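In our numbering, the protein residues as written are 5 to 179.
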């Protein structure tokens, strides 16, 4: 089992490392919290990555379009004033780095995990939701006057009681 505070520490360490070393920005911590739904910015950028293993879930990053452009400019060393494909790709990479580092820390407690390819959503007046009622750990930061939230939700996978099938030359036999 893993606690909310342990996840918060992992997210803070991963976010600070990526921001300082790859983006040359200093994230300022805000108070982390838990909720039964992921906090989503209905305007801006939402980037999601799936986590899979004996435990599974989602890691996500949500921020304004302005912050996405700032972070992308720092990562790519090119100025971006509006969201375009390069900005969306850069935010996917930032998400991959942060959630990837969190995943590595989670594996010490939860066993091996895989990551999906990031999905990035950009627009206005959108909402996202996850099926099920799991606790999300939401870890906000401020970066140069903009808010960013890193969110993690993991739950143990229940092994379903499924009949096993054995194949014989004639047919499959239920065991």
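We treat Cβ as the ideally placed atom computed from N, Cα and C, and that holds for glycine. In this text, all values refer to a predicted model and were calculated from it rather than measured experimentally.
Confirm, please, whether the CB-CB distance from residue j to residue i is below 8 angstroms.
i           : j           : result
residue 156 : residue 15  : yes
residue 95  : residue 66  : no
residue 88  : residue 122 : no
residue 53  : residue 114 : no
residue 26  : residue 74  : no
Does the beta-carbon of residue i, which I'm using as the reference point, lie nearer than 7 angstroms to any heavy atom of the ligand NAP?
i          : result
residue 52 : As presented, the structure is devoid of all ligands, the ligand NAP included, so that no description of it is given.
Leaving out five residues on either side along the sequence, give the residues of the same chain with a beta carbon under 8 angstroms from the beta carbon of residue i.
i           : result
residue 12  : 36, 141, 143
residue 165 : With a pLDDT of 44 at residue 165, under the threshold of 50, the modelled position of this residue cannot be trusted, and the question is left open.
Can you list, in chain order, the residues of its chain with a C-beta nearer than 6 angstroms to that of residue i? Leave out the 5 residues immediately preceding and following it.
i           : result
residue 24  : none
residue 138 : 157, 159
Let me check understanding here. Comparing Cα to Cα, which of the options lies closest to residue i?
i           : options          : result
residue 105 : 21, 5, 6, 10     : 21
residue 158 : 111, 62, 102, 26 : 62
residue 32  : 19, 97, 60       : 19
residue 10  : 80, 110, 152     : 110
residue 68  : 81, 85, 79, 80   : 85
residue 151 : 49, 128, 81, 41  : 49
Tell me whether residue i sits in a helix, a strand or coil according to DSSP, three-state version.
i           : result
residue 38  : strand
residue 75  : helix
residue 104 : helix
residue 32  : strand
residue 161 : coil
residue 5   : coil
residue 81  : coil
residue 25  : helix
residue 19  : helix
With DSSP as the reference, identify every bridge partner of residue i, one or two as the case may be.
i           : result
residue 128 : 47
residue 155 : 64, 142
residue 123 : 52
If I measure Cβ to Cβ from residue i and keep anything under 7 angstroms in the same chain, skipping five residues before and after, which residues do I get?
i           : result
residue 56  : 117, 118
residue 107 : 55, 117, 119
residue 92  : 124, 126
residue 161 : 58, 59, 60
residue 102 : 18, 19, 22, 65, 154
residue 39  : 140, 142
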